[in-house]
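In terms of my numbering, the sequence shown opens at residue 1 and continues consecutively.
Every residue gets a Cβ at the ideal spot worked out from N, C-alpha and C, and that includes glycine.
Have a look at the structure below before the remarks.
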Amino acid sequence: MRTVALVKVSAITAVIACLVAAPVPALASRGEPALDVLSSRADRVSGGDALVRVRVSQGMRLKVLRNGEDVTTSFKPDPGGESFSGLVTGLIDGDNTIKALAGPFKETLKLRNHPISGPIFSGPQQYPFLCKTERGGLGPPVADNQDGQGMRTTGGWSRDCFAPVLTERLYRATDGTFKTMPAERPADMSTTTTIDGRTVDFVVRRERGVINRFLYSIAMLEDGYNGRAIYRFDGGVGIGHDQGTLGGSALDAYGLGKGYAILYSSGTRTSTHDNLILGGETALMVKERFIEKYGVPLYTVGVGASGGALQQYVYGQNYGTEVIDAAIPQYSYPDMVTQTIHVGDCELLERYMDHNPRWASWDARTALIGMNASDTVDNPYTGKPGSDECVKGWRGLTPLTMNPLWTSNNDPEWAKMDPPGVKDTVQWTHWDDLREIYGVAPDGHARSTWDNVGVQYGLSALVKGVITPAEFLDVNARAGSWKESKDMVREGCPFTPSLCQDPAQFDPWSARNMRTGDPAPRRTGDPIAIKNVERSGLVFRGDIAIPIIDWRHYLEDQLDMHDSHQSFVSRQRMLNYDGNAGNQVIWFTDARPDGPAFDQTPEALQVMDQWMANIRSRPWRGVVGNKPAAAVDRCFTSAGAQIAAGPHVWDGILDRRAAGACTARFPLYSTSRVVAGGPLEGGVYKCRLQPVARAVERGLYGSWRPSPEERTRLEAIFPSGVCDY
Numbered sequence: 001m002r003t004v005a006l007v008k009v010s011a012i013t014a015v016i017a018c019l020v021a022a023p024v025p026a027l028a029s030r031g032e033p034a035l036d037v038l039s040s041r042a043d044r045v046s047g048g049d050a051l052v053r054v055r056v057s058q059g060m061r062l063k064v065l066r067n068g069e070d071v072t073t074s075f076k077p078d079p080g081g082e083s084f085s086g087l088v089t090g091l092i093d094g095d096n097t098i099k100a101l102a103g104p105f106k107e108t109l110k111l112r113n114h115p116i117s118g119p120i121f122s123g124p125q126q127y128p129f130l131c132k133t134e135r136g137g138l139g140p141p142v143a144d145n146q147d148g149q150g151m152r153t154t155g156g157w158s159r160d161c162f163a164p165v166l167t168e169r170l171y172r173a174t175d176g177t178f179k180t181m182p183a184e185r186p187a188d189m190s191t192t193t194t195i196d197g198r199t200v201d202f203v204v205r206r207e208r209g210v211i212n213r214f215l216y217s218i219a220m221l222e223d224g225y226n227g228r229a230i231y232r233f234d235g236g237v238g239i240g241h242d243q244g245t246l247g248g249s250a251l252d253a254y255g256l257g258k259g260y261a262i263l264y265s266s267g268t269r270t271s272t273h274d275n276l277i278l279g280g281e282t283a284l285m286v287k288e289r290f291i292e293k294y295g296v297p298l299y300t301v302g303v304g305a306s307g308g309a310l311q312q313y314v315y316g317q318n319y320g321t322e323v324i325d326a327a328i329p330q331y332s333y334p335d336m337v338t339q340t341i342h343v344g345d346c347e348l349l350e351r352y353m354d355h356n357p358r359w360a361s362w363d364a365r366t367a368l369i370g371m372n373a374s375d376t377v378d379n380p381y382t383g384k385p386g387s388d389e390c391v392k393g394w395r396g397l398t399p400l401t402m403n404p405l406w407t408s409n410n411d412p413e414w415a416k417m418d419p420p421g422v423k424d425t426v427q428w429t430h431w432d433d434l435r436e437i438y439g440v441a442p443d444g445h446a447r448s449t450w451d452n453v454g455v456q457y458g459l460s461a462l463v464k465g466v467i468t469p470a471e472f473l474d475v476n477a478r479a480g481s482w483k484e485s486k487d488m489v490r491e492g493c494p495f496t497p498s499l500c501q502d503p504a505q506f507d508p509w510s511a512r513n514m515r516t517g518d519p520a521p522r523r524t525g526d527p528i529a530i531k532n533v534e535r536s537g538l539v540f541r542g543d544i545a546i547p548i549i550d551w552r553h554y555l556e557d558q559l560d561m562h563d564s565h566q567s568f569v570s571r572q573r574m575l576n577y578d579g580n581a582g583n584q585v586i587w588f589t590d591a592r593p594d595g596p597a598f599d600q601t602p603e604a605l606q607v608m609d610q611w612m613a614n615i616r617s618r619p620w621r622g623v624v625g626n627k628p629a630a631a632v633d634r635c636f637t638s639a640g641a642q643i644a645a646g647p648h649v650w651d652g653i654l655d656r657r658a659a660g661a662c663t664a665r666f667p668l669y670s671t672s673r674v675v676a677g678g679p680l681e682g683g684v685y686k687c688r689l690q691p692v693a694r695a696v697e698r699g700l701y702g703s704w705r706p707s708p709e710e711r712t713r714l715e716a717i718f719p720s721g722v723c724d725y
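Written as C-alpha cells, this is what we have:
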C-alpha cells in the first residue's frame with residue numbers, strides 16, 4: 001500500500017527565555033538527545049544555514065554546538081514543548097558538525113553545506129549563462145571578478161548571476177493588479193477570505209532573490225498565512241544557458257488569497273530549461289529557504305501545467321515528500337524526455353503527407369500520427385482550414401530540441417557578453433542542455449537518444465484496414481529520419497525569419513536536416529545516451545506515493561499539444577511499477593466548443609486539503625486509505641458541473657471493459673509510436689528488433705500476407721528488422 005511520510009510541524013517561535021535550563025518532556029527512555037534537520041536532508045544543506053530540531057528527555061539541560069561553538073541561544077521551544085528548533089547559521093562550505101549535549105548524553109549530526117549559488121548534486125554549471133537580475137527588478141548581478149564566460153557587469157564579472165535579497169510589501173488592488181504597498185492603507189485595497197474563514201486586507205509580503213543561479217520568489221499574506229504552501233511550477237520548452245524570469249504564477253492570486261504561501265523559481269520553469277535534475281535541486285533549495293524562514297508547513301502541494309505538471313511527477317518520484325507532499329498536475333505529461341520519442345516523428349510524417357495527395361484530407365492523418373487532426377481547424381502556417389496536433393501543437397519543437405544551430409536565442413542581453421559572440425559557442429539542443437546526463441560523443445556533440453530503426457509507421461492503421469499495404473510500404477520507405485547533430489544546417493523559413501522573402505526557403509518540416517530517399521535510412525539512437533537518461537531520474541517510471549489529482553481541460557478539438565491520453569500514460573506507468581495507482585485520480589473538464597471556460601483547480605485544492613488532513617489524522621491508513629469522497633476519477637462539463645465520478649468512469653482505456661461514462665464523453669488519441677505498435681505508456685527509446693520473416697509468421701500485419709515482392713520491399717526498408725514491442 002502506498003504511504004506518505006509525515007513530518008511533525010515545527011516552527012520558529014518568538015524569543016523566549018534562555019533554553020539552557022529549560023526542562024523538556026520525556027521523549028526517550030535513556031535520555032539521549034535526538035537531532036535532525038527540518039529544512040533539508042543533512043547532506044543537502046545550502047546557503048550556510050539550516051533549521052535544526054533537538055529532542056531531549058524531560059529535565060535535561062541542553063547545549064548545542066556548531067563546529068564546537070555554542071549556538072544554544074538560537075534554539076527555542078516548539079509548540080507543545082516536545083522539542084526545540086533553531087536556525088543554525090554560520091555553516092562553512094563542506095562538512096559541519098552539530099552536537100547536542102543533555103546531561104551525560106550527547107548526540108552528533110553531520111551536515112554538508114553547499115553554496116547558495118549551487119550546485120549540490122546536479123553537476124557542473126552551464127557557461128555561458130545569461131543573467132536577468134536587472135530585468136527581474138533585483139538590480140545588476142553582483143560582480144565576482146572571475147574571468148571566463150560570465151555576464152559582464154559594472155565593476156567585474158558575475159558567473160553566478162547573484163543579487164541581494166529583496167523584501168517587499170504588495171497589495172492586491174480592486175482592479176486585480178498587485179501594487180507596491182504605500183505607508184497608508186490605499187483606497188483601492190481589496191480584501192480576501194482565507195480557507196480558515198478569516199477576512200483580511202490582501203497585503204502580501206514577498207521575498208525575491210537568487211538561489212542556485214535562478215530567480216526565486218516566496219510570497220504570502222502578511223496577516224492570513226494558513227500554514228500551507230503551494231509550489232507553483234511553470235511549463236514551456238527551454239534550452240538552458242539562461243537565468244530565466246519569474247512568471248505570473250509567482251503571485252498566484254487565488255492561492256495567496258486563500259492563505260497559502262507561494263513558492264516559485266525561474267529554475268522550475270521548463271521554459272528556462274528542461275534539466276529536471278537541476279530543476280529538482282533548485283526546488284529543494286527553494287523549499288529549504290522557505291522552511292528556514294517560516295518553519296515546516298502542514299503540507300506543500302504542487303500546482304502547475306504542462307512542463308509544470310511533469311515536474312510534479314518527476315520530483316515526486318525522485319524526492320518523495322522533500323519538495324511536495326501532494327500534486328495537482330494540470331495538462332500533464334509523465335516527463336519531458338520521453339515526449340521527444342514520438343514528437344520527433346511529427347515533421348518526418350508531415351513532410352511525407354504534405355507531398356502526397358493521399359493525405360490531402362487532414363482528418364485522415366490520425367492514421368499515421370496517432371494525434372487528432374481536423375479538416376476544419378485553421379492551419380497557422382497556411383492560413384487555411386486543415387491542421388493536426390503535430391502542426392498546431394508541436395511544429396518548431398524539432399529544430400528547437402535537435403538542431404545545434406537553432407536561431408531563436410537572440411535575447412539582446414547576449415550582446416553584453418564578453419567576449420562577443422559567446423552565444424554562438426553554444427550547441428542549442430535539448431541534448432546539449434543536458435549534456436552532463438546524455439553524455440558527449442567523440443565528435444564533441446551531446447549524445448542523442450532519438451531512434452526510429454524498425455519503427456513501422458501506420459502499422460495499426462494497416463491492421464484495421466484504414467490504409468492499404470501499398471500505402472504502408474510507401475510511408476515507411478519515404479518517411480526518413482534526422483541527421484546527426486554535427487551534420488545539421490541552419491533552419492529555413494519560418495524558423496529563420498530573414499529567409500522568408502525567398503519562397504524557396506520555406507521549410508516548416510526542417511527537411512534540410514532530414515535523411516530522405518527510397519528507402520530512406522533510419523536513425524540509430526546512441527545507446528550510451530539511452531542508458532544514461534533511463535537511469536538519470538529524468539524518466540517518470542511510476543514510482544510515486546503522494547496524493548495526485550491530475551486535472552486537465554479536454555482540448556483535443558483545438559488540436560492542443562497537451563493530448564489528453566497523457567494522464568493515462570502516467571497511470572499505466574504507475575501500474576507497471578507496482579500494480580497500484582490508487583493515489584492518482586484523473587479529472588477532465590470539457591472545453592468544447594469554444595475553449596476553456598471553467599477552472600477546476602480551486603476544487604482540486606479543496607479536495608486535496610481534506611485528503612491531507614485525513615492523512616495527518618489517520619496516518620496508518622496511508623494515502624489511498626485516506627482519500628475523501630471527492631478524490632476519485634471524475635469528469636465535468638464546460639461549466640464545471642460533474643458528469644460522472646467513481647472507479648469505472650475511465651473504463652476501456654487501460655483495460656478491455658466497455659467504455660465508462662467519461663471515456664465515452666472524451667475520446668482519446670495516441671501517438672505515432674502507439675500507432676506503430678508500441679505501448680500506450682510510451683517511453684521506448686529503442687525497440688527490440690525481430691526479422692521481417694518472424695513478424696510475418698506471427699501475424700503482425702493482420703490479414704495482410706505480403707507477397708514475395710512485398711516481403712522483399714519490407715526487408716529493404718527494414719534491413720535490421722522491425723520493432724517487437
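Chain-order list of residues whose beta-carbon lies under 7 Å from that of residue i (same chain, five-residue window excluded)
i, result
"residue 456", "476, 676, 677, 722 and 723"
"residue 508", "381, 395 and 494"
"residue 288", "39, 40 and 46"
"residue 291", "38, 39 and 51"
"residue 363", "373, 374 and 375"
"residue 359", "353 and 365"
"residue 266", "214, 215, 243, 244, 245, 246 and 272"
Residue environment, residue i, which counts as buried when at least 16 other CB atoms sit within 10 Å
i, result
"residue 196", "exposed"
"residue 506", "exposed"
"residue 366", "buried"
"residue 355", "exposed"
"residue 346", "buried"
"residue 500", "exposed"
"residue 410", "exposed"
"residue 1", "Unreliable positioning characterises residue 1 in this predicted model, as indicated by a pLDDT of 38, which lies under 50. A coordinate reading is not provided."
"residue 203", "buried"
"residue 736", "Any property of residue 736 remains undetermined from this structure, which presents the chain solely from 1 to 725."
"residue 306", "buried"
Which residues DSSP lists as bridging residue i, in chain order
i, result
"residue 371", "BP columns for residue 371 are empty, so no partner."
"residue 469", "Note: residue 469 sits in no beta bridge, so no partner."
"residue 553", "589"
Range covered by the alpha helix (DSSP H) that runs through residue i
i, result
"residue 430", "430 to 433"
"residue 276", "276 to 294"
"residue 460", "459 to 463"
"residue 257", "253 to 257"
"residue 611", "601 to 617"
"residue 707", "From DSSP, residue 707 is part of no alpha helix (DSSP H); its letter is neither H nor E."
"residue 220", "That residue, residue 220, is in no alpha helix (DSSP H); its beta strand (DSSP E) goes 214 to 221."
"residue 728", "Look at the range of the chain in this structure, 1 to 725, and you will see that residue 728 is not part of it."
"residue 397", "397 to 402"
Same chain only: Cβ atoms within 8 Å of residue i, ignoring 5 sequence neighbours per side
i, result
"residue 654", "568, 571, 572, 575 and 680"
"residue 370", "342, 669, 670, 671, 672, 673, 674 and 675"
"residue 491", "399, 403, 405, 406, 407, 507, 510, 512 and 513"
"residue 185", "201"
Continuous beta strand (DSSP E) stretch holding residue i: start and end
i, result
"residue 642", "642 to 645"
"residue 96", "94 to 102"
"residue 575", "It is not in any beta strand (DSSP E) - residue 575 instead sits in the alpha helix (DSSP H) that spans 566 to 578."
Close Cβ partners of residue i (< 6 Å) along its chain, the five nearest in sequence each way excluded
i, result
"residue 432", "446"
"residue 434", "275"
"residue 377", "387 and 559"
Original post:
Below 8 Å, can you find three or more Cβ-Cβ pairs linking the stretch 630 to 646 to the stretch 207 to 222?
Top reply: Too few Cβ pairs lie closer than 8 Å, so no.
**OP:** Pair every Cβ in the stretch 238 to 252 with every Cβ in the stretch 87 to 103, then say whether three or more of these pairs are closer than 8 Å.
**Re:** Look at the beta carbons and you see the stretch 238 to 252 not touching the stretch 87 to 103: under three pairs across the two are nearer than 8 Å.
Original post:
Taking three-plus beta-carbon pairs below 8 Å as touching, is the stretch 657 to 676 in contact with the stretch 332 to 342?
Top reply: Taking 8 Å as the limit for Cβ pairs, the verdict is that the stretch 332 to 342 does touch the stretch 657 to 676.
**OP:** Give a yes or no on contact between the stretch 158 to 170 and the stretch 569 to 583, applying the rule of three or more CB pairs nearer than 8 Å.
**Re:** Between the stretch 158 to 170 and the stretch 569 to 583, the count of Cβ pairs shorter than 8 Å is below three; the stretches do not touch.
Original post:
Are the stretch 419 to 433 and the stretch 322 to 329 touching by the rule of at least three beta carbon pairs closer than 8 Å?
Top reply: With a cut-off of 8 Å on Cβ pairs, the stretch 419 to 433 is not in contact with the stretch 322 to 329, counting fewer than three such pairs.
Original post:
Are three or more beta carbon pairs between the stretch 124 to 133 and the stretch 102 to 113 nearer than 8 Å?
Top reply: No, they do not touch.
**OP:** For the stretch 541 to 555 and the stretch 308 to 317, state whether three or more C-beta atom pairs, one from each stretch, are separated by less than 8 Å.
**Re:** Cβ pair count under 8 Å is three or more, so yes.
Original post:
Counting pairs of beta carbons, one from the stretch 548 to 555 and one from the stretch 589 to 602, are three or more of them closer than 8 Å?
Top reply: Contact holds between the stretch 548 to 555 and the stretch 589 to 602, because three or more Cβ pairs, one in each stretch, are under 8 Å apart.
Subject >> Inter-stretch contact (C-beta, 8 Å, three-pair minimum) for the stretch 656 to 670 and the stretch 633 to 648 >> reply: Two segments are said to touch when three or more pairs of C-beta atoms, one from each, lie closer than 8 Å; by this definition the stretch 656 to 670 touches the stretch 633 to 648.
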